[in-house]
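Here is the structure we will look at, set down as structure tokens.
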Amino acid sequence: MHKQTIKEVLENYKKFLHHDITVYGWVRAFRSNRFIALNDGSTINNLQIVVDFENIDENLIKNINTASSLKIVGEVVESQGAGQTVEIIAKKIIVLGDNFTEELQNTILQPKKHSLEKLREQAHLRFRTNLFGAVFRVRHAVSFAIHSFFNDRQFFYLNTPVITGADAEGAGEMFGVTNFDLDNIPRDEEGAIDYAQDFFGRKTNLTVSGQLEGETAAMGLGRIYTFGPTFRAENSNTTRHLAEFWMVEPEVAFNNLEDNIDLAEDFLKYVIQYVLDKCKDDLEFLDKRFAEEQKQKPEKERAKEGLIEKLENVVAKRFKRVSYTEAIDILLNSKENKKGKFVYPVEKWGADLQSEHERYLVEKHFECPVVLFDYPAEIKAFYMRLNEDDKTVAAMDVLFPGIGEIIGGSQREERLDVLKKKMEDMHVDQEELWWYLDTRKFGSVPHSGFGLGLERLVLFVTGMTNIRDVIPFPRTPKSAEF
Ligand code: 4AD
Ligand code: MG
Numbered sequence: 001m002h003k004q005t006i007k008e009v010l011e012n013y014k015k016f017l018h019h020d021i022t023v024y025g026w027v028r029a030f031r032s033n034r035f036i037a038l039n040d041g042s043t044i045n046n047l048q049i050v051v052d053f054e055n056i057d058e059n060l061i062k063n064i065n066t067a068s069s070l071k072i073v074g075e076v077v078e079s080q081g082a083g084q085t086v087e088i089i090a091k092k093i094i095v096l097g098d099n100f101t102e103e104l105q106n107t108i109l110q111p112k113k114h115s116l117e118k119l120r121e122q123a124h125l126r127f128r129t130n131l132f133g134a135v136f137r138v139r140h141a142v143s144f145a146i147h148s149f150f151n152d153r154q155f156f157y158l159n160t161p162v163i164t165g166a167d168a169e170g171a172g173e174m175f176g177v178t179n180f181d182l183d184n185i186p187r188d189e190e191g192a193i194d195y196a197q198d199f200f201g202r203k204t205n206l207t208v209s210g211q212l213e214g215e216t217a218a219m220g221l222g223r224i225y226t227f228g229p230t231f232r233a234e235n236s237n238t239t240r241h242l243a244e245f246w247m248v249e250p251e252v253a254f255n256n257l258e259d260n261i262d263l264a265e266d267f268l269k270y271v272i273q274y275v276l277d278k279c280k281d282d283l284e285f286l287d288k289r290f291a292e293e294q295k296q297k298p299e300k301e302r303a304k305e306g307l308i309e310k311l312e313n314v315v316a317k318r319f320k321r322v323s324y325t326e327a328i329d330i331l332l333n334s335k336e337n338k339k340g341k342f343v344y345p346v347e348k349w350g351a352d353l354q355s356e357h358e359r360y361l362v363e364k365h366f367e368c369p370v371v372l373f374d375y376p377a378e379i380k381a382f383y384m385r386l387n388e389d390d391k392t393v394a395a396m397d398v399l400f401p402g403i404g405e406i407i408g409g410s411q412r413e414e415r416l417d418v419l420k421k422k423m424e425d426m427h428v429d430q431e432e433l434w435w436y437l438d439t440r441k442f443g444s445v446p447h448s449g450f451g452l453g454l455e456r457l458v459l460f461v462t463g464m465t466n467i468r469d470v471i472p473f474p475r476t477p478k479s480a481e482f
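Quick note on numbering: UniProt numbering labels position 360 of the sequence shown as 360, and the sequence is numbered without any gaps.
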């Protein structure tokens, strides 16, 4: 049976006018014992249900309150009241689920303003709120657009492993995977943990990136992208780090660094434009919320643009492309640095950039998204291609206002001898990565790729400020409920 969603009814109401239809949903508000605002999650908008007392028993009405789940049969009519174009005159109402009204008092389903902290504690109920409904519908649209972008450009979606034997990517601390009985871990003669007896016969971890495996696939399929969960056991309790997040990693044979930057810029703009086109109602809601939030802030901390305006500007303008060396000069000469305003003062070329430096470049100096490239080799991963100057690598980071780094990537070192030397210098185990080195032995080609943190993009698009509020079930240090 085809069930109409509330979104379908509201958007195509002319098709349903004066017909009886059946809708399902949860009560958002119940006014004057007569008007029910019903929502089924398909849209941020509620459908107004008018109780028709000729057909409906008053006793039934007593059991309906906020959060009740209902099945409604009734006629679609043009609305008399202000605020909606269409409503349903209910002829039949069935209460579907029990509602523990006393416990309801302590939940975020109570119709009043709750703090984001409170909402996070009840993450299992967040989906029922306007705010999180909007955030997760937008998150869906972002994910869908990501697949659509790559599919249109003849990339293949590749699933790289979640459990990996390689721990040498250098992207962060790893979570181990084992099925040892932790109270009785086998030891070898020297007393070290005997991983040979573990499930996989070796030490394994949860992946920190699908890149290395992705590269092997790109060396045959040409253009691939991965899109999956990624795990990092770094103890960073910030508003931009998760221990489990979703990363998108395209890898493209025959692309150089400039092609890679072009791809990243096109990609971000496509996804943002898609959300602007497809998520109008949710974005309008988030835009209003964003404006309210700005009003609470001291004037100089307020965003210069509204949320939708910001998204439109990102799509319209070319990202600023700046070398690391130029960026360091700008930072060294900035008033902020000279007056000691940075927590980490910038001292000289070679320094790793902190998020305060990235945000200075993006928000104060250039006032637009910035792509930094050609970083010092020492502060970047072993696989990045060494430039002719012998001190920088063909790396690129895309920096966004309010977020900092949203994408990190590079052209890869395709020359076997240079790659081996880099691995040696950086103490990366070559035996363990024999399969990766093989990709440089049989028709090695220039190639490039990058990684986008999905949640950082969703943060940007929704105007939320804490990354825990844009993933359904956040995993962070000391927190893995639900
Ligand atoms: O810069 P990262 O560490 O790059 C890589 O892992 C490469 N292997 C990517 C590649 O070239 N294929 O991570 C890529 C992006 C970051 O720019 C950031 O957006 C996101 O992943 N990210 C995180 N997001 C949430 N929580 C964390 N702990 C994150 N760490 C990285
Ligand atoms: Mg990075």
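Every residue, glycine too, gets a C-beta built ideally from N, C-alpha and C.
These figures come from a predicted structure and were not determined experimentally.
Range of the contiguous alpha helix (DSSP H) that encloses residue i
i	result
Glu58	58-62
Arg412	Looking at the DSSP string, Arg412 is not in any alpha helix (DSSP H), and its letter there is neither H nor E.
residue 521	Since the displayed the chain opens at 1 and closes at 482, residue 521 lies outside it and no answer follows.
Ser143	130-152
Met219	211-221
Phe460	454-462
Arg31	Premise fails: Arg31 lies in the beta strand (DSSP E), 20-31, not in any alpha helix (DSSP H).
Glu102	101-104
Asp438	434-438
Spatial distance of residue i from residue j (CA atoms)
i	j	result
Leu437	Pro250	19 angstroms
Met219	Tyr225	13 angstroms
Ser448	Glu336	35 angstroms
Asn387	Pro446	13 angstroms
Ile88	Arg289	29 angstroms
Phe175	Glu215	23 angstroms
residue 519	Trp349	Not covered by the structure: residue 519. The range shown for the chain is 1 to 482.
Phe285	Glu293	12 angstroms
Ile379	Ala351	8 angstroms
Thr392	His241	27 angstroms
Glu11	Ala291	27 angstroms
Ser32	Val73	20 angstroms
Glu413	Leu399	23 angstroms
Asp329	Ile261	22 angstroms
Arg128	Leu17	28 angstroms
Lys113	Gln105	13 angstroms
Asn59	Ile308	46 angstroms
Three-state secondary structure assigned by DSSP to residue i
i	result
Met396	strand
Lys71	strand
residue 488	This structure gives no information on residue 488, because the portion of the chain shown stretches from 1 to 482.
Phe127	helix
Glu424	helix
Ala37	strand
Val271	helix
Val76	strand
Glu405	strand
Delimiting residues of the beta strand (DSSP E) encompassing residue i
i	result
Trp349	No beta strand (DSSP E) contains Trp349, which DSSP labels as neither H nor E.
Lys15	That residue, Lys15, is in no beta strand (DSSP E); its alpha helix (DSSP H) goes 13-16.
Val248	244-253
Lys118	Element bounds for Lys118: not the beta strand (DSSP E) but the alpha helix (DSSP H), 116-121.
Thr204	204-206
Leu47	47-51
Asp374	370-376
Ile44	Run containing Ile44: none; DSSP gives neither H nor E here.
Closer than 9 angstroms to chain C by CB, residue i
i	result
Val51	This model lacks chain C altogether, as it is built from one protein chain only.
Touching by the beta-carbon criterion (3+ pairs, under 8 angstroms), the stretch 59-73 and the stretch 93-111: Yes, the stretch 59-73 is in contact with the stretch 93-111.
Ranges of the alpha helix (DSSP H) found wholly within the stretch 277-341, counting only runs of at least 4: Considered as a whole, the stretch 277-341 harbours 280-296, 307-316, 324-332, 335-338 as its complete alpha helix (DSSP H) runs of no fewer than 4 residues, in chain order.
Inter-stretch contact (C-beta, 8 angstroms, three-pair minimum) for the stretch 357-373 and the stretch 417-434: no
Inter-stretch contact (C-beta, 8 angstroms, three-pair minimum) for the stretch 238-249 and the stretch 453-464: yes
Validate contact between the stretch 262-277 and the stretch 171-182 using beta carbons, cut 8 angstroms, 3 pairs: Short answer: they don't touch.
Sufficient close CB pairs (3 or more, under 8 angstroms) joining the stretch 150-158 to the stretch 275-287: no
Cβ pair count under 8 angstroms reaching 3, the stretch 373-381 against the stretch 323-337: Contact holds: three or more Cβ-Cβ distances are below 8 angstroms.
At least 3 beta-carbon pairs within less than 8 angstroms: the stretch 330-344 vs the stretch 313-321: no
Segment contact flag, the stretch 131-148 with the stretch 190-203, C-beta cutoff 8 angstroms, min 3 pairs: Segments in contact, no.
Cβ pair count under 8 angstroms reaching 3, the stretch 48-63 against the stretch 20-34: Here the stretch 48-63 makes contact with the stretch 20-34; the two share three or more CB pairs at distances below 8 angstroms.
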